[in-house]
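Notes follow once the structure below has been shown.
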Amino acid sequence: MIVPFLWMITTSLKSYGESMQVPPTILPKEWRIENYSNVFEAVDFLKYYINTIILTLGRTIGQLILCSLAAFAFARLNFPGKNVLFILMLSVLMVPAQVILIPNYATLTQLGWIDTFAALIVPGIFSAYGTFLLRQFFMGIPKELDEAAKIDGCSYFGIYWRIILPNSTPALTALGIFTILAAWNDFLWPLVMTNSESMRVLSVGISTFSGQYSTDYPLLMAGAVLSTIPMLLMFIFLQKHLLAGIALGGVRR
Amino acid sequence: MTKKSPETVARKKRRRFNREAIAAYLFIAPTMLGLFMFYIFPAIASFALSFTRWNGISTPEFVGLENLIKLFTDSSFLRSIINTAVFTFVSVPFTVIIAILIAVMLNQKIKGIVFYRTLYFLPVVTMPVAVGMVWKWLYNTDYGLINYVLGMLHLPQPSWLFDPKISLLSVIIVYIWMSVGNNIILILAGLQGIEKSYYEAAEIDGASRFRKFFSITLPLLTPTIFFVFITGMISSLQVFDLLFVMIGNSTALLEPLRTIVYGVYESGFKYGEMGIASAQAFILFVAILLMTIIQFIFQKKWVYYDS
Numbered sequence: 001m002i003v004p005f006l007w008m009i010t011t012s013l014k015s016y017g018e019s020m021q022v023p024p025t026i027l028p029k030e031w032r033i034e035n036y037s038n039v040f041e042a043v044d045f046l047k048y049y050i051n052t053i054i055l056t057l058g059r060t061i062g063q064l065i066l067c068s069l070a071a072f073a074f075a076r077l078n079f080p081g082k083n084v085l086f087i088l089m090l091s092v093l094m095v096p097a098q099v100i101l102i103p104n105y106a107t108l109t110q111l112g113w114i115d116t117f118a119a120l121i122v123p124g125i126f127s128a129y130g131t132f133l134l135r136q137f138f139m140g141i142p143k144e145l146d147e148a149a150k151i152d153g154c155s156y157f158g159i160y161w162r163i164i165l166p167n168s169t170p171a172l173t174a175l176g177i178f179t180i181l182a183a184w185n186d187f188l189w190p191l192v193m194t195n196s197e198s199m200r201v202l203s204v205g206i207s208t209f210s211g212q213y214s215t216d217y218p219l220l221m222a223g224a225v226l227s228t229i230p231m232l233l234m235f236i237f238l239q240k241h242l243l244a245g246i247a248l249g250g251v252r253r
Numbered sequence: 254m255t256k257k258s259p260e261t262v263a264r265k266k267r268r269r270f271n272r273e274a275i276a277a278y279l280f281i282a283p284t285m286l287g288l289f290m291f292y293i294f295p296a297i298a299s300f301a302l303s304f305t306r307w308n309g310i311s312t313p314e315f316v317g318l319e320n321l322i323k324l325f326t327d328s329s330f331l332r333s334i335i336n337t338a339v340f341t342f343v344s345v346p347f348t349v350i351i352a353i354l355i356a357v358m359l360n361q362k363i364k365g366i367v368f369y370r371t372l373y374f375l376p377v378v379t380m381p382v383a384v385g386m387v388w389k390w391l392y393n394t395d396y397g398l399i400n401y402v403l404g405m406l407h408l409p410q411p412s413w414l415f416d417p418k419i420s421l422l423s424v425i426i427v428y429i430w431m432s433v434g435n436n437i438i439l440i441l442a443g444l445q446g447i448e449k450s451y452y453e454a455a456e457i458d459g460a461s462r463f464r465k466f467f468s469i470t471l472p473l474l475t476p477t478i479f480f481v482f483i484t485g486m487i488s489s490l491q492v493f494d495l496l497f498v499m500i501g502n503s504t505a506l507l508e509p510l511r512t513i514v515y516g517v518y519e520s521g522f523k524y525g526e527m528g529i530a531s532a533q534a535f536i537l538f539v540a541i542l543l544m545t546i547i548q549f550i551f552q553k554k555w556v557y558y559d560s
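For the record, the sequence lines run as chains A and B. Per the numbering used here, residue 1 is the first one in the first sequence, and the count goes up by one each step. Per the numbering used here, residue 254 is the first one in the second sequence, and the count goes up by one each step.
Right, dumping it as structure tokens:
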């Protein structure tokens, strides 16, 4: 199970010549930590990193705000057309990402967003999955809490802000983790919607490594390790929340 | 004391209702508009575009069923359908069976359970592009670790990705490796939901471990298995990153590994044939929908809901 990871790390520390040795060495004969700094020189890896962080933060913060607002209305308020809109929203869950790719490419071209952060972030802040997940959780918060706040003269936004959100940390954490993971690893969307090197994200960046440096596996592995580390750290530190979140939401997106 | 007339009450109620409705619309507006613009409208547009010839810039030109006819007489597309089907029908059952076995083992009170869970879950959080890179390197015929170990054991050393007979299977193995962890977690959650009293009753009757697994654990786990099956199938039909990296720039690998999703990318963004790409995307959508419906119909036959 873990061998591919270990192989990734040991290869990333070997010299180019050693990586091509037959038979392969298990541990590097000389530990070449400079492979890691070389990644930053060979391509603009720092830029990829920053782009990925901006994309991930933008989508995650956006989703947490917009999904929780919509989920609150679906869970707590009455309005004409509620059921129709809810079903419409659920139907979005069934549409695969590849189906919407081409019309969205046209839309983003029209908007002049191709190759900008707007293209990477904005379409990703709307989520039927996130709204549904939070709505299910909000439904479980006792209604008496809202009633009490309403008597105290709380507005609808007040109920959302002071009652619902503070009582939903597990669900918000779960959605946050899922969104971070999905945004960080997203590949097809940034591949299609950006084309200049200055807009490249990590996933697209390391996939182009193999084209430019088809044989330099140590460098490539160093890039792979570097782009995976933040998610591994998140996993190790937030493990409990992540597992609880999966049990809660069920699906990985 | 003044008595309120029924009309005032009604008006007041209506006003409050209106205020509530207005607030609600404001709450849902951003998400609903966004979903409409970037999901619902594109899904409909994609269907319409399937019947056009379009390079993405000019006005789409209606061509009727031409794209579909072209696709279904194109051996590459038919190949991609077969590959996608093989990928899904091999990877999903294996992933689920392996996940059940590991989850049952992990569900016991053993030392270092957190360590094992982390171990199995690591591939799930790893960037799929990185996973593809590492495995491509592991599979390397000359310098790869796998063939080196096989050689030491005097076992045959297949060319993995470069043997067209087994290249798809090689990718399936990687996919199973990277997705089994997710299923293990879900099944573990399902296992923990099974009431202990069933096992206690079975123990009094002297049931063996084997018997307990097949008569209690497995039937009560079927709702979870059903869920894992459906979601696993949907995501395996859409795998792209892994294949994209594995194929790389190699034309030799393209044909044995191409899937419908790869075809969408290739037609649309390599050749600029957006109409054909939309048609393929739509065929994929219909396939996913049909598979999900079929699963829901057949679930009555094997899924056991404890009421």
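A virtual CB, placed ideally from N, CA and C, is assigned to each residue, including glycine.
Legend entry - Buried or exposed by the 16-neighbour rule on C-beta atoms within 10 Å, applied to B:Q445: Looking at its Cβ environment, which holds fewer than 16 other Cβ atoms inside 10 Å, B:Q445 is exposed.
Legend entry - Residues that DSSP places opposite B:E314 in a beta bridge: Listed as beta-bridge partners of B:E314 by DSSP are B:R306.
Inset, instruction - Could you check how far apart the C-beta atoms of A:P24 and B:L398 are, in whole angstroms? I think they sit under 8 Å. - result: Confirmed, about 6 Å.
Legend entry - Beta-carbon gap between B:V367 and A:S203 smaller than 8 Å: Taking 8 Å as the Cβ cut-off, B:V367 and A:S203 do not qualify as a contacting pair.
Legend entry - 9 Å Cβ cut-off: residues of chain B touching A:Q110: Going along chain B, no residue has its Cβ under 9 Å from A:Q110, so there is no contact; the nearest lies around 11 Å.
Inset, instruction - State whether the stretch 314-332 of chain B contacts the stretch 505-516 of chain B, with contact taken as three or more CB pairs (one from each stretch) at a distance under 8 Å. - result: At 8 Å Cβ cutoff, the stretches touch.
Inset, instruction - Using a Cβ-Cβ cut-off of 8 Å, state whether A:F126 counts as contacting chain B. - result: Closer than 8 Å: yes.
Inset, instruction - Tell me where the alpha helix (DSSP H) around A:M89 begins and ends. - result: For A:M89, the enclosing alpha helix (DSSP H) has its first and last residue at 82-92.
Inset, instruction - Mind listing, in chain order, the continuous alpha helix (DSSP H) runs of no fewer than 4 residues lying wholly within the stretch 40-86 of chain A? - result: 45-76, all fully within the stretch 40-86 of chain A.
Inset, instruction - Tell me whether B:M386 sits in a helix, a strand or coil according to DSSP, three-state version. - result: In the three-state DSSP reduction, B:M386 falls in the helix class (H, G or I).
Legend entry - Supposed contact pair B:I457 and B:S344 - C-beta distance, whole angstroms, cut 8 Å: At roughly 41 Å, the Cβ-Cβ gap does not stay under 8 Å, so B:S344 and B:I457 are not in contact.
Inset, instruction - Report the option in B:I469, B:M358, B:F463, B:N308 whose CA atom is closest to the CA atom of B:S450. - result: Cα-wise, what sits closest to B:S450 is B:I469.
Legend entry - 3-residue-minimum beta strand (DSSP E) runs that sit fully inside the stretch 433-491 of chain B, ordered along the chain: Complete beta strand (DSSP E) runs here, min 3: none at all.
Inset, instruction - Spell out whether any CB of chain B is found under 8 Å from the CB atom of A:T11. - result: Chain B, which has a Cβ nearer than 8 Å to the Cβ of A:T11, makes this yes.
Legend entry - Proximal residues to B:I355 (C-beta, below 6 Å), its chain only, five neighbours per side dropped: Around B:I355: I437.
Inset, instruction - Have a look at A:M193 and A:A222 and give me their C-alpha separation to the nearest angstrom. - result: If I take the Cα positions, the gap works out to 26 Å.
Legend entry - Closer than 8 Å to chain A by CB, B:T394: Chain A, which has no Cβ nearer than 8 Å to the Cβ of B:T394, makes this no.
Legend entry - Closer than 7 Å at the beta carbon, the chain A residues around B:M527: Neighbours of B:M527 in chain A, taken as residues whose beta carbon is under 7 Å from its own, are I102 in chain order.
Legend entry - Rounded C-alpha distance that separates B:I546 from A:P96: Put simply, the backbone Cα of B:I546 is about 15 Å away from that of A:P96.
Inset, instruction - Could you run through the stretch 38-51 of chain A and flag, in chain order, every residue whose CB is less than 7 Å away from some CB of chain C? - result: Absence of chain C from the displayed structure is noted, the protein chains being A and B.
Legend entry - Exposure label - B:A505; buried when at least 16 CB within 10 Å: Under this definition B:A505 is an exposed residue.
Legend entry - Cβ shell of B:S299 (< 7 Å), same chain only, five flanking positions each side left out: Non-local beta-carbon contacts of B:S299 in its own chain, meaning distances under 7 Å to residues more than five positions away in sequence, involve S531, A534, F535 in chain order.
Inset, instruction - Report, in whole angstroms, the separation of the C-beta atoms of A:M94 and B:L542, which I expect to be a contact under 8 Å. - result: The beta-carbon separation of A:M94 and B:L542, rounded to 7 Å, stays under the 8 Å limit for a contact.
Legend entry - Sequence-distant residues of the same chain with beta carbon closer than 6 Å to A:V92, five excluded per side: Contacts found: A128.
Legend entry - Proximity to A:D115 [Cα-Cα], best of A:L181, A:S196, A:F138, A:I102: The shortest C-alpha to C-alpha distance from A:D115 to any of A:L181, A:S196, A:F138, A:I102 is the one to A:S196.
Inset, instruction - Would you grab the beta carbon distance between A:T254 and A:T179 for me? Rounded to a whole angstrom, and I think it's under 8 Å. - result: The question about residue 254 of chain A has no answer here: the residues shown for chain A are numbered 1 through 253.
Inset, instruction - Just tell me which of B:P295, B:N320, B:W390, B:I297 has its CA closest to the CA of B:W307. - result: Closest by C-alpha distance to B:W307, out of B:P295, B:N320, B:W390, B:I297, is B:N320.
Inset, instruction - Go through its chain and collect everything with a Cβ distance to A:L64's Cβ below 7 Å, but skip five positions before and after it. - result: Taken in chain order, the residues that qualify are L172, L175, G176.
Inset, instruction - Would you please verify whether the beta carbon of B:I541 is less than 8 Å from any beta carbon of chain A? - result: Yes, because at least one Cβ of chain A sits closer than 8 Å to the Cβ of B:I541.
Legend entry - Cβ neighbour criterion (16 or more within 10 Å) applied to B:N393: So B:N393 counts as buried.
Legend entry - Euclidean distance between Cα positions of A:L111 and A:Y105: Cα to Cα, A:L111 sits roughly 10 Å from A:Y105.
Inset, instruction - Using a threshold of 8 Å, state whether the C-beta atoms of A:T131 and A:A71 are closer than that. - result: Cβ atoms of A:T131 and A:A71: closer than 8 Å.
Legend entry - Residues of its chain near B:V481, where Cβ-Cβ distance is below 6 Å and the 5 sequence neighbours each way are ignored: Counting only Cβ-Cβ distances below 6 Å, and skipping sequence neighbours, we find V349, N436, L439.
Legend entry - Nearest-angstrom Cα separation, counted from B:F466 out to B:A455: B:A455 and B:F466 have their C-alpha atoms roughly 11 Å apart.
Inset, instruction - Give the straight-line distance between the Cα atoms of A:M234 and B:Q548, rounded to the nearest whole angstrom. - result: So the alpha carbons of these two residues sit roughly 35 Å apart.
Legend entry - contact_flag[the stretch 75-90 of chain A, the stretch 494-504 of chain B] where n(CB pairs < 8 Å) is 3 or more: Touching, no, given that fewer than three Cβ pairs across the two stretches are closer than 8 Å.
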